[in-house]
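Be aware that the sequence shown starts at 1, since it is given in full-length UniProt numbering, and climbs by one per residue.
Where a beta carbon is used, it is the ideal one built from N, C-alpha and C, also for glycine.
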Amino acid sequence: MPIRSPARNSAQVPAPARCCADGMAAPRARSTRRQQTMQQSSPPLALLIVDMVSTFDFPRGASLRRAAHGIAPRLAALKARVKAAGGLCVYANDNFADWSSDFQTLVQLARQSPAREVLEPIAPDADDAHVLKPRHSAFHQTALHHLLKSRDVARVLVTGVSTESCVLATALDARIRELEVCVVSDCVASSSPARRMHALAVLRHCDIPVRAAARALHARRA
């Protein structure tokens, strides 16, 4: 009596991998594996948005507000990319020594001022974090470093205003805390182009990566 081969259970037998003519995995499969490897090897990321929630009611504020308005659309697009990649967005803002105020009050004041055109594209979402800072750096006397450590964040992108002041101080403090830091060159602004360019040059001399938004997500410390 002939012996029958056992019936194959198609649900238990995986489909053979698609191969190229040379026997290697198909390009699409290789691409998928590369993307998965990049996601697994990349440390968690945070986008720091410095002093963009403001009325800009201070000396040189009008010129800084115009410059901030110019970068707001690019910053909004970068924020969307960071969040799509699972990153954290943190707003760091001066409270101008008004310790009776809070972040939501700053948002409302900005919305009621000429600076609403800056705020609208980059308005905070409910799941975004925020810190109030007493001085230039977003790290100085704030809970920012603790927040980043609690989320296992190892890389930060620094954006906002002004480049030669709070952005510069925040980026240097991030480096001091041994975070991988990148300043996003087309998402920072100053009251004049010269101030911005000089500050970016200082950052480069400090070996802090300065990249455009299109490259910032993949910028790594040399």
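- Query: Quick one: is Ile49 buried, meaning 16 or more other Cβ sit within 10 Å of its Cβ, or exposed?
  - Reply: buried
- Message: Could you tell me the alpha carbon to alpha carbon distance between Asp94 and Thr142, rounded to whole angstroms?
- Response: 11 Å
- Item | Minimum Cβ-Cβ distance from Phe96 to chain C less than 8 Å | Included in the structure is just one protein chain, with no chain C present.
- Within 8 Å, strictly: CB atoms of Ala129 and Val90: yes
- Message: Looking at the secondary structure, which residues open and close the alpha helix (DSSP H) in which Arg60 lies?
- Response: Neither: Arg60 is in no alpha helix (DSSP H) and is coded neither H nor E.
- Give, in chain order, every unbroken run of the beta strand (DSSP E) that is at least 3 residues long and sits entirely within the segment 146–195. 155–161, 180–189
- Query: Would you report the Cα separation of Thr105 and Ser54, rounded to the nearest angstrom?
  - Reply: 10 Å
- CA-CA distance, Pro209 and His140? 21 Å
- Task: Name, in chain order, the residues that DSSP records as bridge partners for Asn93.
- Result: Leu132
- Task: Return the first residue and the last residue of the beta strand (DSSP E) that Ala123 is part of.
- Result: Element bounds for Ala123: n/a, residue is neither H nor E.
- Message: On a Cα-Cα basis, can you pick out the residue from Ala67, Glu164, Val158 that is closest to Glu180?
- Response: Val158
- Query: Quick one: Cα of Arg74 to Cα of Leu148, how far?
  - Reply: 24 Å
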